[in-house]
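**Q** With positions in the sequence shown counted from 1, the corresponding number in the numbering used here is that position plus 33.
Ideal Cβ positions, reconstructed from N, Cα and C, are used throughout, including at glycine.
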Amino acid sequence: MFLSAKSEEFDKVLGLELGADDYITKPFSVKELSSRIKAVLRRVDQRTNEILNEKKIAYKGLELFPEKYSLKIDGKGVKLTKTEFEILFLFLKHPEKIFTRDNIIDSIRGDDVYVMDRIIDVHIMNLRKKLGKYKNIITTFSGVGYGFKE
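#1: Any idea which residues DSSP pairs Ala91 with across the strands?
#2: Just list the residues that DSSP pairs Ile57 with in beta bridges.
#3: So which of Leu95, Phe181, Lys112 has the shortest CA-CA distance to Ile137?
#4: Going by beta carbon distance, what residues of the same chain come within less than 7 Å of Thr173, once the five residues before and after it are set aside?
#5: If you draw a straight line from the C-alpha of Ser37 to the C-alpha of Asp55, how long is it?
#6: Can you tell me whether Leu164 is buried or exposed? The criterion is at least 16 other CB atoms within 10 Å of its CB, across all chains shown.
#7: Within 10 Å of its beta-carbon, does Pro99 have 16 or more other beta-carbons around it, so buried, or fewer, so exposed?
#8: So Ile157 and Ile106 are supposed to be a Cβ contact under 8 Å. How far apart are they, rounded?
#9: Within 10 angstroms of its Cβ, does Glu118 collect 16 or more other Cβ (buried), or is it exposed?
#10: Going by CA-CA distance only, name the one from Thr116, Asp154, Ile90, Glu41 that's closest to Arg142.
#11: Run through DSSP, which three-state label would Lys109 get?
Here it is as structure tokens:
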């Protein structure tokens, strides 16, 4: 969550694209700040609970451990950002579904957060690099979005 005196649209968009769940400009009331913090915590709790209810998701040489937010590829630990982890979790949890960029954003950030959809392309590119020989399990459906290739 960003608290800032900068109120230009560019600054707000940049803050949200950098991963903030909210961006509040001065002046703001304590009530507003408190309500926004509670809203962020509700969103985070909801997404986190869904992820943490899974013990392990395995596919080929990939093992995703939601309780630890960790990934092993062929037995070796691979560091993922929280967003990369949540995208991979989403694809592995719903292998039959094709996700638009907006679907992905709504699933991992919530539908009331503005993020430029092209940032998803960057996360997918980074995730593919980290997946190494398994990079092709994430398929681009031209003009539609991304999905999982079984």
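**A** A quick look at the data gives this:
#1: Within the sequence shown, residue 91 is the residue found at index 58, counting from 1. Bridge partners of Ala91: Glu96.
#2: As a position in the sequence shown, residue 57 is number 24, starting the count at 1. Listed as beta-bridge partners of Ile57 by DSSP are Leu36.
#3: For this step, residue 137 is matched to residue 104 along the sequence shown. Among Leu95, Phe181, Lys112, the Cα nearest to that of Ile137 belongs to Phe181.
#4: For the purposes of this step, residue 173 is taken as the residue at position 140 of the sequence shown. Tyr179, listed in sequence order.
#5: Residue mapping note: residue 37 aligns to position 4 of the sequence shown, counting from 1. Residue mapping note: residue 55 aligns to position 22 of the sequence shown, counting from 1. Between the alpha carbons of Ser37 and Asp55 lies a gap of roughly 11 Å.
#6: For the purposes of this step, residue 164 is taken as residue 131 along the sequence shown, with counting starting at 1. Buried is the call here.
#7: Counted from its first residue, the sequence shown places residue 99 at position 66. Counting Cβ neighbours within 10 Å, Pro99 comes out buried, since at least 16 surround it.
#8: On the sequence shown, residue 157 is found 124 positions in, with the first residue counted as 1. On the sequence shown, residue 106 is found 73 positions in, with the first residue counted as 1. The pair is not a contact, with the Cβ atoms about 17 Å apart (cut-off 8 Å).
#9: Against the sequence shown, residue 118 aligns to sequence position 85. Just to set this straight, residue 118 is Phe in the shown sequence, not Glu. That one is buried.
#10: Start at 1 with the first residue of the sequence shown, and residue 142 comes out as number 109. Residue Thr116 is the option with its Cα nearest to Arg142.
#11: Stepping through the sequence shown from its first residue, residue 109 is reached at position 76. The answer is strand: DSSP assigns Lys109 an E or B state.
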